[in-house]
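Numbering (full-length UniProt numbering), first residue to last: 1 to 456. One structure is given here, and the rest of the page talks about it.
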Ligand SMILES: Cc1cc2nc3c(=O)[nH]c(=O)nc-3n(C[C@H](O)[C@H](O)[C@H](O)COP(=O)(O)OP(=O)(O)OC[C@H]3O[C@@H](n4cnc5c(N)ncnc54)[C@H](O)[C@@H]3O)c2cc1C
């Protein structure tokens with residue numbers, strides 16, 4: 001006899017647990033099935049550990065630079081055991097908090113690998129859990145390239161990189177996207193010699209080209225090497241190193257090769273095809289309400305081909321819970337989702353790039369506000385800019401930022417974009433001085449034709 005629920009959720013990562021928490025809040029009877037650790041990739045192998053490493057990296061950089069600020073300090077070395085203890089301490093605390101939250105909402109939590117054995121049933125360790133609704137949230141794992149075998153020693157993924165107990169002398173990073181650039185930033189600050197290889201013409205290729213170019217300039221200044229617009233051809237693992245050959249014949253040798261070429265969905269042998277779920281290259285296909293083609297089965301997070309971000313998983317999980325509860329939630333506007341690469345400097349954006357806005361037929365106006373004119377940016381000694389993409393006599397269509405800590409400015413930028421504000425609306429808001437957020441205000445003042453601290 002199967003146990004009966006309103007919602008059966010397979011996968012306890014960002015998408016799955018958010019759906020469980022909201023469903024329970026709405027009075028539904030929920031089972032959450034997780035084969036590994038509650039919190040999934042984001043908490044244990046993604047967002048949180050990488051941001052802890054990036055914070056340690058910032059402290060290392062600040063220590064090296066202390067004399068610039070008149071502070072006498074000396075940088076000795078990175079103690080990875082200490083760094084890992086700090087990182088793991090953050091994870092443990094959040095993991096415990098999340099476990100407590102799930103328990104407090106009376107969610108049935110089942111440990112074990114689940115499989116969809118019928119349209120309304122997931123089986124775990126021989127026990128069947130049946131629901132009026134099933135939510136698939138099995139997430140993603142690191143991908144590699146054909147012929148590029150991950151050995152976990154010389155050729156690694158982000159999963160291995162987060163568990164290292166020493167700093168490599170040199171690293172080649174295959175992939176100049178978000179994950180590749182964040183590790184490049186960490187390892188450079190930790191003292192490694194870093195080279196990124198990116199097949200597309202720019203680093204962070206999903207971003208507005210102007211942001212990519214600013215990041216490239218900053219990385220060049222930091223001594224982070226990169227080869228862009230050239231693809232990996234082959235590699236050879238030696239006794240104590242690895243050599244990568246590029247398609248243009250160039251060879252690069254380093255202690256380690258980090259493969260950061262993207263992540264693929266976890267959907268094999270889970271019974272998805274057998275119950276008739278439409279899929280594409282391993283992704284489960286879902287509509288704007290995260291409904292699959294099979295009635296009563298939903299899918300969220302990295303398993304579906306939307307932006308692979310933890311907060312997208314949260315948003316989709318909440319949307320599904322509210323849809324099941326009959327609240328008729330509005331579909332997610334994915335262009336309005338904030339995106340951050342937490343390297344030094346950070347790259348942050350919301351809305352359309354210039355190229356996307358033009359392709360969508362907008363009459364585009366652009367404004368670049370250089371952070372050189374911002375007092376707080378000078379205090380922090382960061383360079384970068386705030387770029388606005390606007391519709392002529394219309395709303396702001398995109399905000400693209402580069403600089404230390406600009407990720408925090410997205411809170412305002414996303415309101416501007418999602419509430420379809422015009423530059424003049426934002427220009428009349430007074431921003432606190434001296435903050436980086438003033439640069440957001442200044443950019444909108446300039447776009448509205450009334451620049452204050454802007455040259456040229
Ligand atoms: C290095 C790195 C850094 C990142 N940094 C950020 C960041 O800064 N900000 C951000 O927004 N995003 C970041 N991400 C992306 C983010 O982690 C993912 O988008 C998010 O975790 C996706 O959530 P999910 O629930 O879809 O999948 P996951 O978090 O992958 O969760 C899926 C869960 O399902 C479980 N599962 C799978 N199969 C089964 C089964 N058969 N039975 C039971 N359980 C199963 C897995 O064990 C896993 O816990 C990062 C990712 C990586 C790898």
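For every residue, glycine included, the Cβ atom is placed at its ideal position computed from N, Cα and C.
Buried or exposed for residue i, going by 16 or more other Cβ atoms inside 10 Å?
| i | result |
| --- | --- |
| residue 331 | exposed |
| residue 106 | exposed |
| residue 45 | buried |
| residue 376 | buried |
| residue 268 | exposed |
| residue 201 | exposed |
| residue 185 | buried |
| residue 458 | In the structure displayed, the chain extends from 1 to 456; residue 458 sits before or after that span and is not available. |
| residue 78 | buried |
| residue 384 | buried |
| residue 87 | buried |
| residue 396 | buried |
| residue 71 | exposed |
| residue 33 | buried |
| residue 69 | exposed |
| residue 419 | exposed |
| residue 235 | buried |
| residue 404 | buried |
| residue 281 | exposed |
| residue 362 | buried |
Identify whether residue i lies in helix, strand or coil by the three-state DSSP scheme.
| i | result |
| --- | --- |
| residue 233 | strand |
| residue 299 | strand |
| residue 380 | helix |
| residue 4 | strand |
| residue 268 | coil |
| residue 92 | helix |
| residue 257 | strand |
| residue 190 | coil |
| residue 410 | helix |
| residue 444 | helix |
| residue 221 | helix |
| residue 420 | coil |
| residue 385 | strand |
| residue 436 | coil |
| residue 390 | strand |
| residue 425 | helix |
| residue 215 | helix |
| residue 282 | coil |
| residue 198 | strand |
| residue 273 | helix |
| residue 203 | coil |
| residue 398 | strand |
| residue 403 | strand |
| residue 149 | coil |
| residue 251 | strand |
| residue 246 | strand |
Pull up the CB-CB distance for residue i and residue j, whole angstroms please, since I reckon it's below 8 Å.
| i | j | result |
| --- | --- | --- |
| residue 15 | residue 300 | 4 Å |
| residue 465 | residue 177 | Lying outside 1 to 456, the shown extent of the chain, residue 465 is not represented and no answer is given. |
| residue 450 | residue 421 | Their Cβ separation, rounded to whole angstroms, is 16 Å, which puts residue 450 and residue 421 out of contact at 8 Å. |
| residue 317 | residue 19 | 3 Å |
| residue 210 | residue 400 | 6 Å |
| residue 258 | residue 379 | That pair is no contact at about 34 Å. |
| residue 174 | residue 197 | 5 Å |
| residue 296 | residue 132 | 7 Å |
| residue 190 | residue 60 | 6 Å |
| residue 138 | residue 309 | Not a contact, Cβ separation roughly 17 Å. |
| residue 304 | residue 290 | 7 Å |
| residue 83 | residue 53 | 7 Å |
| residue 320 | residue 294 | Their Cβ separation, rounded to whole angstroms, is 14 Å, which puts residue 320 and residue 294 out of contact at 8 Å. |
| residue 168 | residue 255 | 4 Å |
| residue 345 | residue 402 | 6 Å |
Taking 7 Å as the cut-off, is the CB of residue i close to at least one heavy atom of ligand 3?
| i | result |
| --- | --- |
| residue 311 | Summarising the ligand content, the structure contains ligand 1 and does not contain ligand 3. |
**Request:** List in chain order: all unbroken alpha helix (DSSP H) runs of 4+ residues lying wholly within the region 11 to 79.
**Result:** 14 to 25, 40 to 45 and 47 to 64
**Prompt:** Does the region 367 to 376 come close enough to the region 226 to 237 to have 3 or more Cβ pairs within less than 8 Å?
**Reply:** no
**Message:** Could you check whether the region 2 to 16 touches the region 36 to 56, counting it as contact only if at least three pairs of C-beta atoms, one from each stretch, sit closer than 8 Å?
**Reply:** yes
**Item:** Entirely enclosed alpha helix (DSSP H) segments - the region 287 to 370, minimum 4 residues
**Value:** 310 to 324 and 354 to 359
**Message:** Does the region 260 to 280 come into contact with the region 237 to 245, if we say contact requires no fewer than three beta-carbon pairs (one atom in each stretch) closer than 8 Å?
**Reply:** no
**Asked** In chain order, which beta strand (DSSP E) runs of at least 3 residues are fully inside the region 111 to 143?
**Response** 114 to 118, 121 to 124, 127 to 136 and 140 to 142
**Message:** Taking contact to mean 3 or more Cβ pairs, one atom from each stretch, closer than 8 Å, check whether the region 316 to 330 and the region 355 to 363 are in contact.
**Reply:** no
**Prompt:** If you scan the region 151 to 180 from start to end, which runs of the alpha helix (DSSP H) of 4 or more residues do you find wholly inside it?
**Reply:** If one requires a minimum length of 4 residues, the alpha helix (DSSP H) runs lying completely within the region 151 to 180 are 158 to 161, in chain order.
**Message:** Taking contact to mean 3 or more Cβ pairs, one atom from each stretch, closer than 8 Å, check whether the region 306 to 314 and the region 150 to 168 are in contact.
**Reply:** no
**Asked** At a cut of 8 Å, does the region 380 to 396 reach the region 440 to 450 through at least three beta carbon pairs?
**Response** yes
**Prompt:** For the region 43 to 57 against the region 114 to 133, are there 3 or more C-beta pairs whose distance is under 8 Å?
**Reply:** no
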